[in-house]
Amino acid sequence: MARLNDIGGTFGYGSIPMDGAEPPHPWRHDWEARVFAVLIGLAMAGVWTASELRDAEERVPPNDYLAASYYERVLMGMELLLDEKGIPSRG
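So the sequence shown is numbered by numbering that gives the first Met the number 0: it starts at 0 and just counts up by one.
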């Protein structure tokens with residue numbers, strides 16, 4: 000079964016907004032760079048694989064997924080995966 004992110008060739012989502020200027024770096028906001036750093040650090044520590052993280056991102060609730068930016072979806076996926084793995088522990 001296709002997931003929400005699998006919308007290739009689907010109509011009705013509108014155009015991708017472009018402001019005409021590329022940002023000077025890959026992140027539009029400072030917090031996005033921190034999310035990326037944590038993502039890489041935890042992957043290098045063996046906490047998750049790219050496939051696990053992608054799967055978690057794709058399981059974000061549909062309304063949240065569609066309303067989020069790329070790094071917001073990454074962060075929500077990270078939160079979901081960390082919770083599922085019990086990191087950090089709740090006690």
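Where a beta carbon is used, it is the ideal one built from N, C-alpha and C, also for glycine. Predicted model, so just to flag it, every value in this text is computed and none were measured.
| query | In whole angstroms, what separates the C-alpha of threonine 48 from that of alanine 32? | reply | On the sequence shown, residue 48 is found 49 positions in, with the first residue counted as 1. On the sequence shown, residue 32 is found 33 positions in, with the first residue counted as 1. Distance between the alpha carbons of threonine 48 and alanine 32: 19 Å.
| message | At the level of alpha carbons, what is the spacing between valine 46 and tryptophan 26? | response | Position 47 of the sequence shown, counting from 1, holds the residue named residue 46. Position 27 of the sequence shown, counting from 1, holds the residue named residue 26. About 24 Å.
| task | Find the nearest neighbour of glycine 76 within the set His24, Gly11, Leu38, Ala44, judged by alpha-carbon distance. | result | Position 77 of the sequence shown holds residue 76. Closest by alpha carbon: Leu38.
| task | Please go through the region 24-75 and give each complete alpha helix (DSSP H) segment of 4 or more residues, from N-terminal end onward. | result | The qualifying runs are 29-43, 49-57, 61-66.
| query | Can leucine 81 and leucine 52 be called in contact, C-beta distance under 8 Å? | reply | As a working note, residue 81 is residue 82 in the sequence shown. As a working note, residue 52 is residue 53 in the sequence shown. Taking 8 Å as the Cβ cut-off, leucine 81 and leucine 52 do not qualify as a contacting pair.
| C-alpha gap between glycine 85 and glutamate 56, whole angstroms | Position 86 of the sequence shown holds residue 85. Position 57 of the sequence shown holds residue 56. Taking the straight line from one Cα to the other gives about 17 Å.
| Rounded separation between proline 61 and valine 73 - CA only | As a working note, residue 61 is residue 62 in the sequence shown. As a working note, residue 73 is residue 74 in the sequence shown. If I take the Cα positions, the gap works out to 14 Å.
| query | How big is the Cα-Cα spacing for serine 68 and glycine 40? | reply | Residue numbering aside, residue 68 sits at position 69 when the sequence shown is read from its first letter. Residue numbering aside, residue 40 sits at position 41 when the sequence shown is read from its first letter. Cα to Cα, the separation comes out at about 21 Å.
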